[in-house]
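K.L.:
Structure below; questions to follow.
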Amino acid sequence: MQKLIATYRIVTPMFIGDAEQKATSLRPPSIKGALRFWWRALNWRHQLEFSANDVSLALQNLHAEEAYLFGSAAQDNSGGQGCFLLQVTEQPKYKIDKTWPQNNTGSGYLGFGLFESGNVGTGNFQPHREAIVEGSHFTLQLGFKPKTSASTIESLRETLQVWSLLGGLGSRARRGFGSICLETLDGTTVADSLDSYKQKLSDLINNFQNITDYPPYTAFGGHTRFAIIAEGQEAREVHSQAGNAYKDHRGEPSTLRGKVKLPFGLPLQGVDENRRRASPLFFHVHALKNDSFAATVLYLPADFHPDYSSDNLTDFYRPVRHFVQIEAQGN
Numbered sequence: 130m131q132k133l134i135a136t137y138r139i140v141t142p143m144f145i146g147d148a149e150q151k152a153t154s155l156r157p158p159s160i161k162g163a164l165r166f167w168w169r170a171l172n173w174r175h176q177l178e179f180s181a182n183d184v185s186l187a188l189q190n191l192h193a194e195e196a197y198l199f200g201s202a203a204q205d206n207s208g209g210q211g212c213f214l215l216q217v218t219e220q221p222k223y224k225i226d227k228t229w230p231q232n233n234t235g236s237g238y239l240g241f242g243l244f245e246s247g248n249v250g251t252g253n254f255q256p257h258r259e260a261i262v263e264g265s266h267f268t269l270q271l272g273f274k275p276k277t278s279a280s281t282i283e284s285l286r287e288t289l290q291v292w293s294l295l296g297g298l299g300s301r302a303r304r305g306f307g308s309i310c311l312e313t314l315d316g317t318t319v320a321d322s323l324d325s326y327k328q329k330l331s332d333l334i335n336n337f338q339n340i341t342d343y344p345p346y347t348a349f350g351g352h353t354r355f356a357i358i359a360e361g362q363e364a365r366e367v368h369s370q371a372g373n374a375y376k377d378h379r380g381e382p383s384t385l386r387g388k389v390k391l392p393f394g395l396p397l398q399g400v401d402e403n404r405r406r407a408s409p410l411f412f413h414v415h416a417l418k419n420d421s422f423a424a425t426v427l428y429l430p431a432d433f434h435p436d437y438s439s440d441n442l443t444d445f446y447r448p449v450r451h452f453v454q455i456e457a458q459g460n
């Protein structure tokens with residue numbers, strides 16, 4: 130059986146748990162869901178080129194290949210298991226944190242809903258969510274079915290790598306909580322300096338610059354950008370710095386008000402409290418050589434929402450793009 134074996138480090142506290150929000154174990158379905166997301170984000174360009182820029186056909190081909198790799202719903206005619214079995218062969222050590230983040234901090238701004246809120250008397254008390262603390266490791270094994278092609282395995286290898294560069298696992302992973310960093314892949318050690326990390330991100334994003342139209346779903350394209358927001362010796366501190374920078378741009382200190390904040394995501398209090406659309410911004414804290422860390426923001430814009438016009442998305446996304454541009458210039 131052909132295999133991919135990857136060991137990751139948890140870089141920021143990971144809010145992943147059971148039905149009672151208790152941090153218990155890393156479950157293959159959660160990890161597979163994260164890998165599926167990043168595979169989809171990476172593969173829009175390939176499907177668009179293969180389909181001669183026919184968006185409808187590209188989406189059909191994408192869904193078919195995704196079902197082959199990751200499996201599909203039972204009611205789908207193509208149904209069933211994907212081309213690989215994912216196992217967590219090493220679970221992280223379960224040291225639990227119930228105190229981070231705190232309100233009125235940069236990390237608290239990014240992690241609204243994770244910390245204690247409400248009160249018992251009014252019946253709306255919510256305890257602080259439990260997190261698996263940073264610093265421990267976990268190992269994945271992807272075992273492929275016989276006759277799985279080399280190109281298929283390579284696409285999963287790339288997904289494992291990009292997940293490490295920009296992603297995480299658990300609640301608020303898009304806000305830099307539960308950030309992960311690849312340490313070994315098939316026995317080869319992976320370690321980045323700040324410069325090599327920046328270069329990897331630049332090389333990745335440059336691969337998609339020929340896609341001029343916004344993707345129909347969250348995926349890499351010609352409008353994708355990134356910025357390093359902060360660097361330091363403490364992962365939580367650089368995460369908080371990223372949160373403060375975001376708060377200064379979008380929150381109360383800024384001049385942004387009302388509908389201009391729509392592209393940061395829905396619902397938006399006082400403007401649109403019914404529709405839902407995730408933000409195009411992805412925060413991540415990456416572990417570097419010499420025990421340092423970098424906080425990154427990825428701008429991954431796509432069609433926003435069926436109920437909002439897509440005639441001029443470049444203008445619509447301007448306030449979000451400006452945040453990334455400011456941070457890129459400052460670092």
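The sequence shown begins at 130 in my numbering and counts up one residue at a time.
For every residue, glycine included, the Cβ atom is placed at its ideal position computed from N, Cα and C.
1. Looking at Pro-392: is its Cβ nearer than 8 Å to the Cβ of Phe-433?
2. Within its chain, find whatever has a CB closer than 7 Å to the CB of Asp-315; leave out the 5 residues flanking it on each side and keep chain order.
3. Among Trp-167, Leu-417, Asp-183 and Asn-182, whose alpha-carbon lies nearest the alpha-carbon of Thr-318?
4. Below 8 Å on the Cβ atoms is my contact criterion, and I expect Ser-265 with Lys-222 to pass it. Report the Cβ-Cβ distance as a whole number of Å.
5. Could you tell me whether the stretch 400–420 touches the stretch 320–329, where touching means 3 or more Cβ pairs closer than 8 Å?
6. Exposed or buried, which one is Glu-259 when buried takes at least 16 other CB atoms within 10 Å?
7. Using the Cα positions of Ser-369 and Gln-362, report the straight-line distance between them to the nearest angstrom.
8. Please state whether the Cβ-Cβ distance between Gly-235 and Lys-376 is less than 8 Å.
9. For Glu-402, collect the residues of the same chain with a Cβ closer than 6 Å to its Cβ; drop the 5 residues on either side in sequence, then sort them by chain order.
10. With respect to the alpha helix (DSSP H) encompassing Ser-284, which residues constitute its N-terminal and C-terminal limits?
11. What separation, rounded to the nearest whole angstrom, lies between the Cα atoms of Gly-146 and Leu-164?
12. Taking buried to mean at least 16 other C-beta atoms within 10 Å of its own C-beta, is Pro-157 buried or exposed?
13. Whole angstroms is fine: what's the gap from Leu-295's alpha carbon to Leu-285's?
14. Under a three-way DSSP split, which group does Leu-155 fall into?
15. Keeping to the same chain, check which residues put their C-beta closer than 6 Å to that of His-378; ignore five residues upstream and five downstream.
16. Does the beta-carbon of Gly-250 have 16 or more other beta-carbons within 10 angstroms, so that it is buried, or is it exposed?
17. In its own chain, which residues sit with a C-beta less than 7 Å from the C-beta of Asn-339, not counting the 5 before and 5 after it?
18. Just checking my contact of Arg-301 with Leu-243 at CB under 8 Å: how many whole Å lie between their CB atoms?
19. Find the nearest neighbour of Val-262 within the set Lys-274, Tyr-428, Gly-211 and Gln-220, judged by alpha-carbon distance.
20. Would you kindly work out how many angstroms separate the C-alpha atoms of Tyr-326 and Pro-430, rounded to a whole number?
21. In terms of DSSP beta bridges, what is Ala-260 paired with?
22. Using DSSP with H/G/I as helix, E/B as strand and the rest coil, what is Phe-213?
23. For Gln-216, collect the residues of the same chain with a Cβ closer than 6 Å to its Cβ; drop the 5 residues on either side in sequence, then sort them by chain order.
24. For Gly-211 and Leu-191, what's the separation of their Cα atoms in angstroms?
25. Please identify the residue among Leu-177, Tyr-446, Phe-411 and Pro-448 whose C-alpha is closest to the C-alpha of Gly-297.
26. Helix, strand or coil for Ala-249, going by three-state DSSP, please let me know.
27. Taking all protein chains shown into account, decide if Gly-399 is buried (16 or more other Cβ within 10 angstroms of its Cβ) or exposed.
28. Enumerated in chain order, which unbroken segments of the alpha helix (DSSP H) with a length of 4 residues or greater are wholly contained in the stretch 390–450?
29. What do you get for Ser-278, buried or exposed, if any count of 16 or more other CB atoms within 10 angstroms of its CB means buried?
30. Got a sec, what are the start and stop residues for the alpha helix (DSSP H) Lys-327 sits in?
31. Taking Phe-144 as part of the beta strand (DSSP E), name the residues at either end of that continuous run.
P.N.:
Short version:
1. yes
2. Leu-133 and Ile-134
3. Restricting attention to Trp-167, Leu-417, Asp-183 and Asn-182, the CA atom closest to the CA of Thr-318 is found in Leu-417.
4. 4 Å
5. yes
6. Glu-259 comes out buried.
7. 13 Å
8. Note that the C-beta distance between Gly-235 and Lys-376 is below 8 Å.
9. So the list reads Pro-396, once near-sequence residues are dropped.
10. 279–295
11. 18 Å
12. exposed
13. 15 Å
14. coil
15. Phe-452
16. Of the other Cβ atoms in all chains shown, fewer than 16 fall within 10 Å of the Cβ of Gly-250; this residue is therefore exposed.
17. Gly-351
18. 6 Å
19. Among Lys-274, Tyr-428, Gly-211 and Gln-220, the Cα nearest to that of Val-262 belongs to Gln-220.
20. 22 Å
21. Its beta-bridge partners are Asp-226.
22. strand
23. Gln-270
24. 14 Å
25. The shortest C-alpha separation from Gly-297 is found at Phe-411.
26. As written in the sequence, residue 249 is Val, which differs from the Ala given in the question. If DSSP states are grouped into helix, strand and coil, Val-249 belongs with coil.
27. exposed
28. 442–445
29. exposed
30. 323–335
31. Here Phe-144 belongs to no beta strand (DSSP E), and DSSP marks it neither H nor E.
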